[in-house]
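Residue numbers (my numbering): 7 to 252. Backbone N, C-alpha and C fix where the C-beta goes; we use that ideal spot for every residue, glycine too. These notes are about the structure you will find just below.
Spelled out as C-alpha coordinates, the structure:
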(Lines of atoms letter the chains of each structure in order from A and count residues from 1; the text may use other names and numbers.)
(Lines give C-alpha, C1' and ligand atoms only; values in the text may rest on other atoms or scores of the structure.)
Protein backbone atom coordinates (compact mmCIF):
# COMPACT_ATOMS: atom_id res chain seq x y z
CA UNK A 1 0.00 0.00 0.00
CA UNK A 2 2.33 2.74 -1.24
CA UNK A 3 -0.44 5.31 -0.83
CA UNK A 4 -0.38 4.70 2.96
CA UNK A 5 3.32 3.92 3.46
CA UNK A 6 5.85 5.97 5.38
CA UNK A 7 8.15 6.48 2.40
CA UNK A 8 7.80 9.21 -0.21
CA UNK A 9 10.52 7.74 -2.43
CA UNK A 10 8.12 7.12 -5.30
CA UNK A 11 5.56 9.82 -4.46
CA UNK A 12 7.71 12.85 -3.67
CA UNK A 13 5.87 16.17 -3.65
CA UNK A 14 7.08 18.88 -6.01
CA UNK A 15 5.91 22.44 -5.55
CA UNK A 16 3.83 23.73 -8.48
CA UNK A 17 3.70 20.29 -10.04
CA UNK A 18 0.57 19.28 -11.97
CA UNK A 19 -1.03 17.79 -8.84
CA UNK A 20 -0.23 20.91 -6.80
CA UNK A 21 -1.68 23.21 -9.45
CA UNK A 22 -4.77 20.97 -9.71
CA UNK A 23 -5.32 21.28 -5.95
CA UNK A 24 -5.06 25.08 -6.15
CA UNK A 25 -7.51 25.15 -9.07
CA UNK A 26 -9.90 22.99 -7.03
CA UNK A 27 -9.68 25.52 -4.18
CA UNK A 28 -10.53 28.39 -6.52
CA UNK A 29 -13.42 26.46 -8.10
CA UNK A 30 -14.95 25.59 -4.73
CA UNK A 31 -14.60 29.15 -3.43
CA UNK A 32 -16.00 30.59 -6.66
CA UNK A 33 -18.91 28.13 -6.61
CA UNK A 34 -19.79 29.07 -3.02
CA UNK A 35 -19.89 32.73 -4.02
CA UNK A 36 -21.71 32.12 -7.31
CA UNK A 37 -24.43 29.94 -5.79
CA UNK A 38 -24.62 31.66 -2.40
CA UNK A 39 -28.29 32.64 -2.84
CA UNK A 40 -29.35 29.10 -3.74
CA UNK A 41 -27.32 27.65 -0.88
CA UNK A 42 -28.82 30.18 1.52
CA UNK A 43 -32.30 28.94 0.73
CA UNK A 44 -31.42 25.29 1.33
CA UNK A 45 -31.03 23.39 4.57
CA UNK A 46 -27.27 22.84 4.66
CA UNK A 47 -27.07 21.46 8.20
CA UNK A 48 -26.45 17.89 7.08
CA UNK A 49 -23.66 19.02 4.76
CA UNK A 50 -22.06 21.14 7.50
CA UNK A 51 -22.04 18.24 9.95
CA UNK A 52 -20.80 15.83 7.27
CA UNK A 53 -17.84 18.11 6.53
CA UNK A 54 -17.10 18.45 10.25
CA UNK A 55 -17.07 14.69 10.79
CA UNK A 56 -15.05 14.20 7.61
CA UNK A 57 -12.39 16.50 9.08
CA UNK A 58 -12.46 14.62 12.37
CA UNK A 59 -12.11 11.33 10.51
CA UNK A 60 -9.27 12.39 8.23
CA UNK A 61 -7.37 14.00 11.14
CA UNK A 62 -7.74 10.82 13.19
CA UNK A 63 -6.58 8.77 10.20
CA UNK A 64 -3.56 11.05 9.83
CA UNK A 65 -2.43 10.27 13.38
CA UNK A 66 -3.15 6.58 12.84
CA UNK A 67 -0.97 6.73 9.71
CA UNK A 68 1.89 8.31 11.67
CA UNK A 69 1.60 5.66 14.39
CA UNK A 70 1.37 2.92 11.75
CA UNK A 71 4.52 4.11 9.98
CA UNK A 72 6.44 4.85 13.19
CA UNK A 73 6.77 8.54 12.35
CA UNK A 74 4.70 9.95 15.23
CA UNK A 75 6.98 11.93 17.54
CA UNK A 76 6.20 14.50 20.22
CA UNK A 77 8.44 17.11 18.61
CA UNK A 78 6.65 17.02 15.23
CA UNK A 79 3.26 15.31 15.45
CA UNK A 80 1.25 17.12 18.12
CA UNK A 81 -1.60 19.19 16.60
CA UNK A 82 0.00 22.49 17.55
CA UNK A 83 0.61 24.16 14.19
CA UNK A 84 -1.52 27.13 13.19
CA UNK A 85 -3.39 25.08 10.61
CA UNK A 86 -4.06 22.42 13.26
CA UNK A 87 -5.79 25.05 15.38
CA UNK A 88 -7.58 26.26 12.25
CA UNK A 89 -8.82 22.71 11.68
CA UNK A 90 -10.20 22.60 15.22
CA UNK A 91 -11.95 25.95 14.71
CA UNK A 92 -13.36 24.73 11.39
CA UNK A 93 -14.85 21.66 13.05
CA UNK A 94 -16.21 23.68 15.98
CA UNK A 95 -17.71 26.31 13.67
CA UNK A 96 -19.41 23.71 11.49
CA UNK A 97 -20.87 21.92 14.52
CA UNK A 98 -21.80 24.88 16.75
CA UNK A 99 -22.10 27.78 14.26
CA UNK A 100 -20.77 30.06 17.03
CA UNK A 101 -19.49 33.43 15.88
CA UNK A 102 -16.34 33.36 18.04
CA UNK A 103 -14.98 30.43 16.04
CA UNK A 104 -15.83 32.20 12.78
CA UNK A 105 -14.08 35.40 13.85
CA UNK A 106 -10.73 33.73 14.47
CA UNK A 107 -10.99 31.14 11.69
CA UNK A 108 -11.64 33.77 9.04
CA UNK A 109 -8.22 35.32 9.67
CA UNK A 110 -6.02 32.34 10.55
CA UNK A 111 -7.75 30.25 7.89
CA UNK A 112 -7.56 32.66 4.98
CA UNK A 113 -4.08 33.92 5.85
CA UNK A 114 -2.43 30.81 7.27
CA UNK A 115 -3.96 28.00 5.24
CA UNK A 116 -3.82 29.90 1.95
CA UNK A 117 -0.09 30.49 2.45
CA UNK A 118 0.35 26.81 3.30
CA UNK A 119 -1.49 25.83 0.12
CA UNK A 120 0.75 27.99 -2.05
CA UNK A 121 4.02 26.91 -0.41
CA UNK A 122 3.23 23.55 1.25
CA UNK A 123 5.51 22.05 3.88
CA UNK A 124 4.86 18.64 2.37
CA UNK A 125 6.99 15.72 1.19
CA UNK A 126 4.36 13.20 0.05
CA UNK A 127 2.88 13.81 -3.40
CA UNK A 128 -0.13 12.49 -5.30
CA UNK A 129 -1.66 9.91 -4.80
CA UNK A 130 -0.38 9.38 -1.24
CA UNK A 131 -2.79 9.66 1.70
CA UNK A 132 -0.77 12.51 3.21
CA UNK A 133 -1.20 14.53 0.00
CA UNK A 134 -4.98 14.17 0.18
CA UNK A 135 -5.02 14.85 3.92
CA UNK A 136 -3.01 18.04 3.52
CA UNK A 137 -5.00 19.54 0.67
CA UNK A 138 -8.45 18.41 1.86
CA UNK A 139 -7.97 19.93 5.30
CA UNK A 140 -6.41 23.17 4.08
CA UNK A 141 -8.99 23.70 1.33
CA UNK A 142 -11.80 23.21 3.87
CA UNK A 143 -10.08 25.57 6.32
CA UNK A 144 -10.18 28.28 3.64
CA UNK A 145 -13.62 27.55 2.20
CA UNK A 146 -15.55 27.10 5.45
CA UNK A 147 -15.26 30.73 6.64
CA UNK A 148 -16.03 31.88 3.08
CA UNK A 149 -19.19 29.75 3.18
CA UNK A 150 -20.21 31.24 6.52
CA UNK A 151 -19.52 34.74 5.17
CA UNK A 152 -21.28 34.52 1.81
CA UNK A 153 -24.02 31.99 2.57
CA UNK A 154 -24.74 32.30 6.29
CA UNK A 155 -24.19 36.05 6.49
CA UNK A 156 -21.46 36.09 9.15
CA UNK A 157 -19.24 39.17 9.09
CA UNK A 158 -16.04 40.17 10.91
CA UNK A 159 -15.67 43.36 12.92
CA UNK A 160 -12.56 45.26 13.92
CA UNK A 161 -12.93 43.56 17.30
CA UNK A 162 -12.52 40.26 15.43
CA UNK A 163 -9.05 41.40 14.37
CA UNK A 164 -8.17 42.24 17.98
CA UNK A 165 -9.49 38.87 19.21
CA UNK A 166 -7.39 37.06 16.62
CA UNK A 167 -4.22 38.95 17.55
CA UNK A 168 -4.85 38.29 21.26
CA UNK A 169 -5.37 34.59 20.51
CA UNK A 170 -2.13 34.39 18.53
CA UNK A 171 -0.12 36.27 21.15
CA UNK A 172 -1.46 34.07 23.94
CA UNK A 173 -0.64 31.02 21.83
CA UNK A 174 3.01 31.93 21.22
CA UNK A 175 4.35 31.60 24.81
CA UNK A 176 2.40 28.38 25.37
CA UNK A 177 3.73 26.79 22.17
CA UNK A 178 7.21 28.12 22.89
CA UNK A 179 7.13 26.34 26.26
CA UNK A 180 5.96 23.11 24.60
CA UNK A 181 8.77 23.49 22.05
CA UNK A 182 11.24 23.62 24.93
CA UNK A 183 9.79 20.43 26.43
CA UNK A 184 9.63 18.48 23.17
CA UNK A 185 12.57 20.09 21.33
CA UNK A 186 10.07 20.84 18.59
CA UNK A 187 9.53 23.75 16.24
CA UNK A 188 5.78 24.24 16.38
CA UNK A 189 4.59 27.52 14.80
CA UNK A 190 8.19 27.79 13.47
CA UNK A 191 9.15 29.65 16.65
CA UNK A 192 12.69 28.21 16.72
CA UNK A 193 13.60 28.24 13.03
CA UNK A 194 12.05 28.53 9.58
CA UNK A 195 10.75 25.47 7.70
CA UNK A 196 13.27 23.65 5.52
CA UNK A 197 11.12 24.20 2.43
CA UNK A 198 10.49 27.56 0.76
CA UNK A 199 7.91 29.77 2.48
CA UNK A 200 6.92 33.40 2.90
CA UNK A 201 8.96 33.45 6.12
CA UNK A 202 12.05 33.60 3.92
CA UNK A 203 11.18 37.24 3.16
CA UNK A 204 10.75 38.30 6.81
CA UNK A 205 14.35 38.35 8.00
CA UNK A 206 16.51 36.00 10.09
CA UNK A 207 15.62 34.35 13.41
CA UNK A 208 14.21 35.69 15.73
CA UNK A 209 13.28 38.86 13.86
CA UNK A 210 11.02 37.06 11.41
CA UNK A 211 8.66 36.32 14.32
CA UNK A 212 8.22 40.05 15.01
CA UNK A 213 7.93 40.74 11.29
CA UNK A 214 5.28 38.04 11.03
CA UNK A 215 3.25 39.72 13.77
CA UNK A 216 3.20 42.96 11.79
CA UNK A 217 2.31 41.15 8.58
CA UNK A 218 -0.46 39.20 10.34
CA UNK A 219 -2.01 42.38 11.75
CA UNK A 220 -1.78 44.24 8.43
CA UNK A 221 -3.30 41.38 6.43
CA UNK A 222 -6.00 40.87 9.07
CA UNK A 223 -7.01 44.50 8.65
CA UNK A 224 -7.19 43.92 4.90
CA UNK A 225 -9.39 40.82 5.38
CA UNK A 226 -11.64 42.75 7.77
CA UNK A 227 -12.05 45.60 5.26
CA UNK A 228 -12.78 43.09 2.51
CA UNK A 229 -15.44 41.10 4.37
CA UNK A 230 -16.88 43.52 6.94
CA UNK A 231 -20.56 44.35 6.86
CA UNK A 232 -21.18 47.35 4.66
CA UNK A 233 -22.87 50.35 6.19
CA UNK A 234 -26.53 51.00 5.56
CA UNK A 235 -25.59 54.18 3.68
CA UNK A 236 -23.43 52.31 1.17
CA UNK A 237 -26.10 49.64 0.67
CA UNK A 238 -28.79 52.29 0.16
CA UNK A 239 -26.65 54.06 -2.43
CA UNK A 240 -26.12 50.81 -4.34
CA UNK A 241 -29.84 50.07 -4.27
CA UNK A 242 -30.59 53.61 -5.50
CA UNK A 243 -28.22 53.24 -8.46
CA UNK A 244 -29.66 49.79 -9.15
CA UNK A 245 -33.12 51.22 -9.71
CA UNK A 246 -32.01 54.34 -11.56
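- Counting the other CB atoms within 10 Å of its CB gives residue 192 a total of 16 or more, which places it among the buried residues.
- Around residue 150, the same chain offers 33, 37, 117, 118, 121, 122 and 125 as residues with beta carbons nearer than 8 Å, after the five sequence neighbours per side are excluded.
- Per DSSP, reduced to three states, the secondary structure at residue 134 is coil, with no helix or strand assignment.
- Taking 8 Å as the cut-off, the beta carbon of residue 148 is found closer than this to the beta carbon of residue 63.
- When rounded, the separation of the alpha-carbon atoms in residue 207 and residue 218 is 11 Å.
- Note on geometry: alpha-carbon atoms of residue 223 and residue 230 lie some 11 Å from one another.
- In this structure, residue 19 keeps its C-beta atom at 8 Å or more from the C-beta atom of residue 137.
- When C-alpha distances from residue 159 are compared across 172, 169, 85 and 235, the shortest belongs to 235.
- Between the alpha carbons of residue 96 and residue 212 lies a distance of about 30 Å.
- Separation of the CB atoms of residue 171 and residue 112 is rounded to 6 Å, and the pair is thereby assigned contact status at 8 Å.
- Residue 199 sits in coil when the DSSP states are folded into three classes, being neither helix nor strand.
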